[in-house]
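*Asks:* If you read the protein sequences in the order shown, they are chains A, B and C.
Take any residue in the first sequence, count from 1 to its spot, add 97: that is its number in my numbering.
Take any residue in the second sequence, count from 1 to its spot, add 301: that is its number in my numbering.
Take any residue in the third sequence, count from 1 to its spot, add 93: that is its number in my numbering.
Structure provided below as structure tokens; questions to follow.
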Amino acid sequence: MANWIPLWLHKLGSPPTFYRFAGTLQPWAMALALLLGAIALYGGLVLAPADYQQGDAFRIIYIHVPSAWMSMFIYAVMGVASFIALVWRIKLAEVVAMESAPIGAAFTFITLVTGSLWGKPMWGTWWTWDARLTSELVLLFLFLGVIGLYHAFEDRRQGARAAAFLAIIGIINVPIVHFSVNWWNTLHQGSTVNVFGQSKISGAMLWPLLTMVLATKFYYAASLFRRVRTDLLALEGGKDWVRKIAEEEADR
Amino acid sequence: MSALQHFFAMGGYAAYVWPAYALFFIVLIADTIAPRVRRQHVLRELRARLARQQVRQGRAGSISTPTPPSP
Amino acid sequence: MNRPGLATASAAMLRRDLTLAWRRRGDIAMPVLYALIVTMLFPFALGPEDTLLQRIAGGVVLVTVLLAMLLALDAMFSSDIEDGSLEQLVLAPQPLALMLGMKILAHWITTALPLIVIAPLMAAMLHLPGAVIPVLLLALLLATPLLSLLGAVLVALTAGTRRSGMLLALMLLPLCVPAVIFAAGAVAAAQQGLPWLAPIAWLAAALVLAVVLAPLACAAALRIALDA
Chain A
98 MANWIPLWLH KLGSPPTFYR FAGTLQPWAM ALALLLGAIA LYGGLVLAPA DYQQGDAFRI
158 IYIHVPSAWM SMFIYAVMGV ASFIALVWRI KLAEVVAMES APIGAAFTFI TLVTGSLWGK
218 PMWGTWWTWD ARLTSELVLL FLFLGVIGLY HAFEDRRQGA RAAAFLAIIG IINVPIVHFS
278 VNWWNTLHQG STVNVFGQSK ISGAMLWPLL TMVLATKFYY AASLFRRVRT DLLALEGGKD
338 WVRKIAEEEA DR
Chain B
302 MSALQHFFAM GGYAAYVWPA YALFFIVLIA DTIAPRVRRQ HVLRELRARL ARQQVRQGRA
362 GSISTPTPPS P
Chain C
94 MNRPGLATAS AAMLRRDLTL AWRRRGDIAM PVLYALIVTM LFPFALGPED TLLQRIAGGV
154 VLVTVLLAML LALDAMFSSD IEDGSLEQLV LAPQPLALML GMKILAHWIT TALPLIVIAP
214 LMAAMLHLPG AVIPVLLLAL LLATPLLSLL GAVLVALTAG TRRSGMLLAL MLLPLCVPAV
274 IFAAGAVAAA QQGLPWLAPI AWLAAALVLA VVLAPLACAA ALRIALDA
């Protein structure tokens with residue numbers, strides 16, 4: 098049993114195989130994302146009762162928290178793919194890492210803005226320099242830096258390797274930033290302590306959140322598959338399998 | 302207030318909740334559309350390049366000295 | 094042919110870079126002038142009120158020095174890339190990390206050291222209390238090499254690209270946030286009469302780590318960036 102897993106993975110690393118594999122799965126992932134998202138939003142916006150402290154404003158949680166978790170999940174995926182790309186020089190790993198960055202940046206941006214919109218009515222301020230918010234902002238800079246560095250090179254594969262290196266440096270750096278800002282914040286005790294008490298969240302409020310978390314994961318998969326497929330076409334432009342696809346699509 | 306109006310009012314927090322949701326959808330829709338646009342662009346460019354190659358090869362076939370296919 | 098020992102090679106590398114910088118010693122004045130001008134702008138922008146200036150003085154000096162170093166960072170490898178000597182260095186038998194470490198040291202000596210020398214002047218312009226200035230200098234002595242080392246890794250990554258200074262700033266910002274926090278924390282603590290040794294110790298620890306790891310990372314980054 099153990100043998101066919103590495104073989105399947107190895108085959109998947111080949112661009113035309115992955116192109117077909119991703120092409121088959123992508124519509125299903127997108128459909129699941131939309132379905133689960135719709136269910137989650139109905140549960141969160143309509144069914145869940147208003148919070149006795151925060152009123153209806155708490156409903157921002159259904160997009161804020163899943164986006165925050167996605168920003169970190171994508172960042173971890175980007176880091177792992179970058180490591181594989183640098184150590185084993187697998188083209189597909191490079192593409193996955195580079196195409197994850199814009200999606201990660203999108204979710205990080207959503208996290209920051211929705212958090213700000215939630216913070217204003219709840220804490221009375223659009224922004225505060227606590228460890229979590231500052232680390233998330235640094236994460237956005239990290240994603241933007243990876244995207245910028247990738248596009249600064251003429252040779253895309255070289256750019257991908259340089260940006261992968263930056264991504265790995267970032268992985269070491271974000272916990273450091275989080276710790277140092279935490280230290281700095283406790284030094285200046287004047288700032289508001291922001292703790293959203295999530296210990297006792299009711300079931301009716303929880304299940305839409307978890308459903309949305311799942312929905313965003315499927316969305317990431319769908320978006321990533323789409324982006325990786327396009328990138329593979331661009332990278333492998335000279336090969337026969339790409340030429341066939343280009344000719345097929347011309348007839349449509 | 303009707304139930305629908307109540308829903309849109311979001312307990313008075315509408316000015317915060319709805320822009321947040323709008324942003325969520327706008328960003329993700331942009332993220333969905335951008336790769337599709339890029340794909341059309343890549344394929345269009347690829348077809349143009351192939352057409353140019355074929356023209357060059359066709360021209361080469363009609364001259365006596367064989368020309369190697371361009372990269 | 095006798096291969097020169099590591100100490101000789103390192104000294105030679107250092108001497109070469111310092112000589113080259115000395116030949117363009119006008120360039121050394123640029124970050125210094127920039128820092129002085131920026132520092133002078135703050136009283137004009139915020140008003141000359143003493144208490145306000147005193148409160149921001151430590152932070153302003155630190156950030157200004159950081160920005161001045163950022164400006165000069167780009168030039169660390171650029172001339173060597175242009176004339177091909179960096180590629181020769183990569184191919185040389187000496188360990189690349191050690192040679193790059195010497196280059197970074199030379200860059201720090203010619204860029205940061207002048208800034209540290211005028212830092213007391215900048216602090217005085219903003220009315221930082223005299224007792225705090227030694228702590229400021231110590232913080233700068235530890236933070237600036239840290240910035241040079243981290244910046245070198247990033248400059249190596251962008252070696253040979255159509256670089257924009259903005260991209261370097263974008264990449265460097267997350268890396269220097271902890272250094273700025275600890276350095277400014279030390280100065281602020283000293284200003285309030287509180288113990289300031291802990292953040293200085295953290296800076297020193299980070300510096301030691303960077304001295305060991307950054308040249309290695311820089312060598313790896315350079316190999317990635319130059320490998321066409």
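Where is the CB? At the ideal position from N, CA and C, for every residue including glycine.
Note that the structure is predicted; figures quoted are calculated from it, not measured.
1. Nearest CA to the CA of A/Tyr-317: which residue from A/Ala-147, A/Pro-163 and A/Leu-138?
2. So, do the region 322 to 331 of chain A and the region 168 to 181 of chain A have three or more beta carbon pairs nearer to each other than 8 Å?
3. Going by DSSP, what residue range makes up the alpha helix (DSSP H) through A/Val-143?
4. Are there 16 or more other CB atoms within 10 angstroms of the CB of A/Phe-115, so buried, or fewer, so exposed?
5. Flag C/Pro-271 as yes if its beta-carbon sits less than 8 Å from any beta-carbon of chain A, otherwise no.
6. Which residues of chain D have a Cβ atom closer than 9 Å to the Cβ of A/Ser-320, listed in chain order?
7. Taking the continuous alpha helix (DSSP H) assigned at C/Pro-213, which residues delimit it?
8. Which residues mark the beginning and the end of the alpha helix (DSSP H) in which A/Gln-255 is found?
9. Taking 8 Å as the threshold (C-beta atoms), are A/Val-325 and A/Val-177 in contact?
10. For C/Ala-245, which option in C/Leu-315, C/Leu-113 and C/Ala-236 has the closest C-alpha, if you only look at C-alpha atoms?
11. Can you tell me the Cβ-Cβ gap for A/Gly-242 and A/Ile-187, rounded? I've got them flagged as a contact below 8 Å.
12. List the whole-angstrom C-beta distance separating A/Ala-301 from A/Ala-147, where the pair is believed to meet the contact cut-off of C-beta under 8 Å.
13. Under 8 Å, do C/Met-264 and C/Thr-132 count as touching if we go by C-beta distance?
14. Could you check the C-alpha separation between C/Leu-191 and B/Ala-321 for me, to the nearest Å?
15. Kindly indicate which three-state DSSP category C/Gly-253 falls into: helix, strand or coil?
16. Kindly indicate which three-state DSSP category A/Gly-176 falls into: helix, strand or coil?
17. For C/Gly-140, which option in C/Pro-271, C/Leu-219 and C/Trp-201 has the closest C-alpha, if you only look at C-alpha atoms?
18. Between which two residues does the alpha helix (DSSP H) containing A/Leu-234 stretch?
19. Here's the rule I'm using: 16 or more other beta-carbon atoms within 10 Å means buried, otherwise exposed. How should A/Ser-277 be labelled?
20. Where does A/Gly-152 sit, in a helix, a strand or coil, going by DSSP?
21. If you measure from the beta carbon of C/Gly-278 to each beta carbon in chain A, is any gap under 8 Å?
22. Tell me whether the region 293 to 301 of chain C and the region 275 to 283 of chain C touch, counting them as touching only if at least three CB pairs, one residue from each stretch, are closer than 8 Å.
23. Determine, using beta carbons only, whether C/Leu-300 and C/Leu-240 come nearer to each other than 8 Å.
24. Can you list, in chain order, the residues of its chain with a C-beta nearer than 6 Å to that of B/Phe-308? Leave out the 5 residues immediately preceding and following it.
25. Relative to the C-alpha of B/Pro-336, which candidate in A/Phe-322, A/Trp-338, A/Ile-342 and A/Arg-117 has its C-alpha closest?
26. Can you grab the Cα-Cα spacing for the pair A/Pro-218 / C/Leu-260, in whole Å?
27. Quick check on A/Gly-242 - is its C-beta less than 8 Å from some C-beta in chain C?
28. State the DSSP-derived secondary structure class of A/Lys-108, mapped to helix, strand or coil.
29. If you compare alpha carbons, which of C/Pro-186, C/Leu-243 and C/Leu-99 is closest to C/Leu-302?
30. Please list, in chain order, all residues of the same chain as C/Met-169 whose beta carbon is under 8 Å from its beta carbon, the five residues on each side excluded.
31. For the alpha helix (DSSP H) containing C/Arg-316, name the first residue and the last one.
32. How many angstroms separate the CA atom of B/Arg-350 from the CA atom of C/Arg-108?
33. Which value, in whole angstroms, describes the spacing of the CA atoms of A/Ser-197 and C/Thr-203?
34. Which value, in whole angstroms, describes the spacing of the CA atoms of A/Ile-181 and A/Leu-234?
35. Taking C/Leu-268 as the reference, which of A/Gly-134, A/Phe-238, A/Trp-304 and A/Leu-246 has the closest Cα?
*Replies:* Looking at the atomic coordinates:
1. A/Pro-163
2. Judged by pairs of C-beta atoms under 8 Å, the region 322 to 331 of chain A does not touch the region 168 to 181 of chain A, as fewer than three such pairs exist.
3. For A/Val-143, there is no enclosing alpha helix (DSSP H), as DSSP marks it with neither H nor E.
4. With 16 or more Cβ atoms within 10 Å of its Cβ, A/Phe-115 is classed as buried.
5. Answer yes: the Cβ-Cβ gap between C/Pro-271 and chain A drops below 8 Å somewhere.
6. In summary, chain D is missing from the structure at hand, where the protein chains are A, B and C.
7. 189 to 218
8. 253 to 284
9. Cβ distance not < 8 Å, so A/Val-177 and A/Val-325 don't count as in contact.
10. C/Leu-315
11. That pair is no contact at about 23 Å.
12. Rounded, the Cβ-Cβ distance is 11 Å, inconsistent with contact.
13. No; because the gap between Cβ atoms is not below 8 Å, this pair is not in contact.
14. Roughly 51 Å separates the two Cα atoms.
15. coil
16. The answer is helix: DSSP assigns A/Gly-176 an H, G or I state.
17. C/Leu-219
18. 228 to 248
19. buried
20. strand
21. yes
22. yes
23. no
24. none
25. A/Phe-322
26. One Cα belongs to A/Pro-218, the other to C/Leu-260, and the distance between them is close to 35 Å.
27. yes
28. Helix.
29. C/Leu-243
30. Lys-196, Ile-197, His-200, Gly-244, Ala-245 and Val-248
31. 290 to 319
32. 53 Å
33. 40 Å
34. Looking at the backbone, the Cα of A/Ile-181 and that of A/Leu-234 are separated by about 26 Å.
35. A/Phe-238
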